[in-house]
Structures are given as structure tokens and as C-alpha cells.
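Quick note, the sequences are listed as chains A and B, same order. Quick note: the first sequence uses the numbering used here, first residue 1, plus one each step. Quick note: the second sequence uses the numbering used here, first residue 359, plus one each step. All C-beta atoms in this analysis are idealised placements derived from N, C-alpha and C, irrespective of residue type, glycine included.
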Amino acid sequence: MKKTLSVNLGGSVFHIDEDAYSELMDYLQDVKKHLGDDGSSEEVLNDIEQRINELFNQWMQGQREVVTSADVQKVIGILGRPEQFNDDDEQSADATDRKKESSIGRTEEKSSQHQRLYRDPENAILGGVCSGLGYYLKVSPVLLRILFFLLVWFGGTGIFIYLVCWIIMPEAKTASQRLEMQGEDVNIENIEKKIREESEKVKDRVNGYVKSNQFQKNVHSASNGIVEVFRVIFKIFFALIAGIIGLAALFALIVLVIVLLALVTGSFSFIIPWIGAAFPFQADMMNASSAVWVIIGMVLIIGIPFIAIFRMLFGKLLDFKAASKWEVWLGLIGWFIGVGLCVFGCLASLNQAGGVWI
Amino acid sequence: MHGTVYVLYLFQNLDNMDIENVKSQMRKGFLEYCTLLILRKKPSYTSDIIEGLKSAHLIVVEGTLYPLLTRLKNDGLLSYEWVESTQGPPRKYYSLTEDGQTILVDLSTAWNELSVSINHLNE
Numbered sequence: 001m002k003k004t005l006s007v008n009l010g011g012s013v014f015h016i017d018e019d020a021y022s023e024l025m026d027y028l029q030d031v032k033k034h035l036g037d038d039g040s041s042e043e044v045l046n047d048i049e050q051r052i053n054e055l056f057n058q059w060m061q062g063q064r065e066v067v068t069s070a071d072v073q074k075v076i077g078i079l080g081r082p083e084q085f086n087d088d089d090e091q092s093a094d095a096t097d098r099k100k101e102s103s104i105g106r107t108e109e110k111s112s113q114h115q116r117l118y119r120d121p122e123n124a125i126l127g128g129v130c131s132g133l134g135y136y137l138k139v140s141p142v143l144l145r146i147l148f149f150l151l152v153w154f155g156g157t158g159i160f161i162y163l164v165c166w167i168i169m170p171e172a173k174t175a176s177q178r179l180e181m182q183g184e185d186v187n188i189e190n191i192e193k194k195i196r197e198e199s200e201k202v203k204d205r206v207n208g209y210v211k212s213n214q215f216q217k218n219v220h221s222a223s224n225g226i227v228e229v230f231r232v233i234f235k236i237f238f239a240l241i242a243g244i245i246g247l248a249a250l251f252a253l254i255v256l257v258i259v260l261l262a263l264v265t266g267s268f269s270f271i272i273p274w275i276g277a278a279f280p281f282q283a284d285m286m287n288a289s290s291a292v293w294v295i296i297g298m299v300l301i302i303g304i305p306f307i308a309i310f311r312m313l314f315g316k317l318l319d320f321k322a323a324s325k326w327e328v329w330l331g332l333i334g335w336f337i338g339v340g341l342c343v344f345g346c347l348a349s350l351n352q353a354g355g356v357w358i
Numbered sequence: 359m360h361g362t363v364y365v366l367y368l369f370q371n372l373d374n375m376d377i378e379n380v381k382s383q384m385r386k387g388f389l390e391y392c393t394l395l396i397l398r399k400k401p402s403y404t405s406d407i408i409e410g411l412k413s414a415h416l417i418v419v420e421g422t423l424y425p426l427l428t429r430l431k432n433d434g435l436l437s438y439e440w441v442e443s444t445q446g447p448p449r450k451y452y453s454l455t456e457d458g459q460t461i462l463v464d465l466s467t468a469w470n471e472l473s474v475s476i477n478h479l480n481e
């Protein structure tokens, strides 16, 4: 069942199918555009409408009630497309060729002044690369898809080239971009026509909804899955790096703690040469007490940030509570105390050795 | 009037113009002349004129004719009257005006001259 409209053609009323109506409207608008502005266009349009009226009457002959798309096409065939009005022989040949092409599948649009290469989101299987290229090169996208698929087997170049195209080619988002992609003139009539065509296609697609939806879903979930895998790999990598840094800090911390203990208890006196090696500035001014301060300071300087980072990275994993405000403040103050101790210790040593400030 | 002047103008500027364009312009002038010739015999409906031109293989699509007829009418070479029809809306019934007849005579002379010149050049 189809919706019909009532139109007035040259003085009488016709019932016409919805789709036939838009075809006829488009045709008459094309004619109007072609006739231009010389003031006689209205009269000519009237004559043409009258002629259409005559023809429809003839064909309806009291038996049929509704003008169909086939009727409109017939009328356009008899009256001719506006381009054929002045230049008969060459253009009419083009027109019949064009009609043949459209039955095969993809119309060979004559590429007007302005055709650009875009990705076609409407007819896209993956990224619309082949569809867009097809419009630009005037070949069937199916051919291009087969070509890419074959290339995949030849060292994976297909995948690479396809990805490059996907990245380089912009997507035809707006109606005017879609028109440019197809090489048609970008003007109000065409944009309107395009939007109407596309809404027709949407209607058709709703009918084929189930099948196509499944396929789309499968492809999309597969590509999403691949992206997810990459994401996880990246996360692991990042965690590894953080872990290595953490381990290094931990190691430094342990060393410092050992050194501290050694100094305090005095029992690991063999470590003292180590201190000399690790902290050369202290070798001369080996004052146990000030060294202790410095080392305590360094433990704080390294340890507190280490704890903070550790908690940030693994807190979620190991279910730590988020750091409360006072913990943050404590950490900060502790860190600064550590800095202070270091400085104090150094100064004390210097003071002892050379008697400078304090 | 149009056709001949056009053609002569075209021939003067042949080096500037695309040959297809020239042919198209020639055909335009030619169509006007032929239309006037058809109407010289007797007044006709639009559809009859179309039939006549089609049978002479001068036009392929009807749409060519509507702007042409209106143009000739606006230039005063043709006139029409509405004739009621039982089969549908009223139709235009075209005939040559006096001006039209005069122009036609001039045109015929001009085309004949052209034809002679061309034949002469082709020898």
C-alpha cells in the first residue's frame, strides 16, 4: 500500500504515488532551473504541465486512478531531460547510456567541476574507503573491496594501504559533502533531493533491519575487541614501567635504611666505606651524628613519594582507601622535614669540618 | 531572422568557439526555421509541430519545442489561440503572424544563399 497525493497539473487533478510525486517534482524543478529567468519560463512550464496532463489522461483512460513512478519516467522520456532541450543528438545518446548504467547498479554521474574524494559513511562496510573511492574513480566499490582483500594476502599491503586511506580520507558528513563526493553540483535543489533520497533509503533499510544489523554488529564488535586488546597491552606495559621505577626506589630506600642502622648501631662499621663511595661529599667530614640526620632526611625524601606513588598505582587493585586529607598533609610535611634534615645534616658536617655558618 | 544572423555571426567567430557549440547554435536556428516552415502550410497544434519535426528527425524530445515556441511567440512571429478539447485541457493552436510570414520569406532567401555558397565551396 502506498501513500498518494493530489496534484494539479495544468488545470486538472491527478492522484499520484508519493514516490512518483517527488520524481515529478524534481523533474519540473530541473526544467525550471534550466529555463532560467527570461520571463517566459512560466509560460513554458505551463505548456509542459499541460502536455504531461494530456499524456497522463491518455494513459489513465478511465481505467487507472493513480499515476505511478513508471508513468513519470515515461513522461520524462517523451519530454526529455532539460539538458536535452537544446542539444538533441549528442545529449540524448548520453541519456540513454545513463539509463542503462543505472540498471547495473552504480550510475556513471558526469563529474562536474567539483568532485572530491571522501569516505562514504552511508554505504560503508568498514570505513567507507572503497565506497568513497568508487565514486571518485567511477568504478564499483565491490571491485575495490575484492582488490583490497586480495592485497591483504600479498604481504598485508592491503591492510596497510586501506588503513592509510582510512586515515587520510575525510568522512563525508554533511549532505553537501556527500554531493561533492558523488561529483554532483552542490546547490539547494540537489541538497534537498539528496536528503529526500536518503530518507527513502532509510525507510528501505528499516525493512531489511534484522539481517544488516546483525552483520554490522558482528563487524563492530570484532573491531572493538581488537582495540580493547591493544588497550590492555598498553596498560600492562605502563604498569611494568611504573613497577620498575618503584622497585628502584624501593631498593634505594632499603639501602638507606641499612646504612642508617649501621651508623646508629655502629656494628656494621664495614659499611662506612660504602657511604664514602655513595655519598662522596661526606667522606671527608665523617661525622656520625650529622650523617645520621642526612640519611634520615633522604629516607623521608625518597620514601614518602614512593609510598604515595605506590598507593596511587596499586591502591585500586589492592583496595586501599583513597588518601585522606590529613594523610596527604602528613606526607607533605614529612617530606619537607626530610629535606630540612638533609640540609641540616650537611651543614652540620660542613660546620664541623670547616666551621662556616652555624 | 534569428537563425541566419546567428549563423553568420558564428562563422565570423569560428576560431573562438567550440565546434559542438557551433553545431548546437546552428541547430537551434535551423529548428526555428523549420518550425516556421511547418506553420506556413497551416496552423497547427503543438503536438502536430512536434510530430512534424520528429518525423524529419530534427528533434528527439518534445521538451525542445516548448521554450522555442514561446520564444517565437514572444518575438511576435507566432500567435496562438486556445482550443477546447474533449480529451483533456484546452490546447494551443499556433499560426504564423504577418511578421512571421515576412521573416519566413527573408529566412528562406538567406538559407538558400547559404546553401548555394556551401555547395560552391564543396566543389
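{"Query": "Buried or exposed: where does Asn123 of chain A fall if 16 or more other Cβ atoms within 10 Å of its Cβ makes it buried?", "Result": "exposed"}
{"Query": "List, in order along the chain, the chain B residues whose C-beta lies closer than 7 Å to that of Gln50 of chain A?", "Result": "Pro447"}
{"Query": "Going by the DSSP bridge assignment, what does Thr4 of chain A pair with across the sheet?", "Result": "A:Asp17"}
{"Query": "Kindly say whether Leu35 of chain A, judged by its beta-carbon, lies nearer than 9 Å to any beta-carbon of chain B.", "Result": "yes"}
{"Query": "Take Ser324 of chain A as the anchor and find which of A:Ile302, A:Ala308, A:Arg81, A:Phe314 has the nearest alpha-carbon.", "Result": "A:Ala308"}
{"Query": "Run the CB neighbour count on Lys33 of chain A, radius 10 Å, all protein chains shown included, and call it buried at 16 or more, exposed below.", "Result": "exposed"}
{"Query": "Quick one, which of A:Trp293, A:Glu197, A:Trp166 has its alpha-carbon nearest Cys346 of chain A's?", "Result": "A:Trp293"}
{"Query": "I'd like the span of the alpha helix (DSSP H) that includes Lys450 of chain B, first residue to last.", "Result": "Run containing Lys450 of chain B: none in the alpha helix (DSSP H); it sits in the beta strand (DSSP E), 449 to 454."}
{"Query": "Quick one: give me the first and last residue of the alpha helix (DSSP H) that Val139 of chain A is part of.", "Result": "No alpha helix (DSSP H) contains Val139 of chain A, which DSSP labels as neither H nor E."}
{"Query": "Based on the DSSP output, what are the partners of Leu436 of chain B in its beta bridges?", "Result": "B:Leu454"}
{"Query": "Determine, using beta carbons only, whether Asp71 of chain A comes closer than 9 Å to chain B.", "Result": "no"}
{"Query": "Is it true that the CB of Ser12 of chain A sits closer than 9 Å to the CB of Gly446 of chain B?", "Result": "yes"}
{"Query": "Which word fits Gly303 of chain A, buried or exposed, when buried means at least 16 other C-beta atoms lie within 10 angstroms of its C-beta?", "Result": "buried"}
{"Query": "Starting from Met60 of chain A, follow the alpha helix (DSSP H) in both directions and report where the run begins and ends.", "Result": "41 to 60"}
{"Query": "Distance, Cα to Cα, Glu387 of chain B vs Thr393 of chain B?", "Result": "Here the sequence assigns Gly to residue 387 of chain B, which means Glu is not the residue at that position. Looking at the two C-alpha atoms, the distance is approximately 10 Å."}
{"Query": "Assuming Thr404 of chain B and Leu423 of chain B form a contact by the criterion Cβ under 8 Å, report the distance between their Cβ atoms to the nearest whole angstrom.", "Result": "7 Å"}
{"Query": "Cβ of Ile16 of chain A within 8 Å of any heavy atom in the ligand SAM?", "Result": "Of ligands this structure carries none, so the ligand SAM is not represented either."}
{"Query": "Restricting to Cα atoms, I'd like to know which of A:Phe306, A:Met298, A:Asn187 is closest to Asp30 of chain A.", "Result": "A:Asn187"}
{"Query": "In the DSSP assignment, the alpha helix (DSSP H) including Glu409 of chain B goes from what residue to what residue?", "Result": "404 to 413"}
{"Query": "With burial defined as no fewer than 16 other Cβ atoms inside 10 Å of the residue's Cβ, what is the status of Glu184 of chain A: buried or exposed?", "Result": "buried"}
{"Query": "So, at 7 Å on beta carbons, what are the nonlocal neighbours of Val44 of chain A in its own chain, with the 5 sequence-adjacent residues on each side left out?", "Result": "Leu35"}
{"Query": "Thinking Leu79 of chain A and Ile48 of chain A are a contact (beta carbons under 8 Å), I'd like their distance in whole angstroms, please.", "Result": "6 Å"}
{"Query": "At a CB distance below 8 Å, what residues from the segment 424 to 436 of chain B approach chain A? Give them in sequence order.", "Result": "Tyr424, Pro425, Leu427, Thr428, Arg429, Asn432"}
{"Query": "Please return the same chain residues whose Cβ sits closer than 8 Å to the Cβ of Leu253 of chain A, not counting the five positions on each side in sequence.", "Result": "Val299, Ile302, Gly303, Phe306"}
{"Query": "Is Arg81 of chain A close to chain B? Criterion is C-beta to C-beta, closer than 9 Å.", "Result": "yes"}
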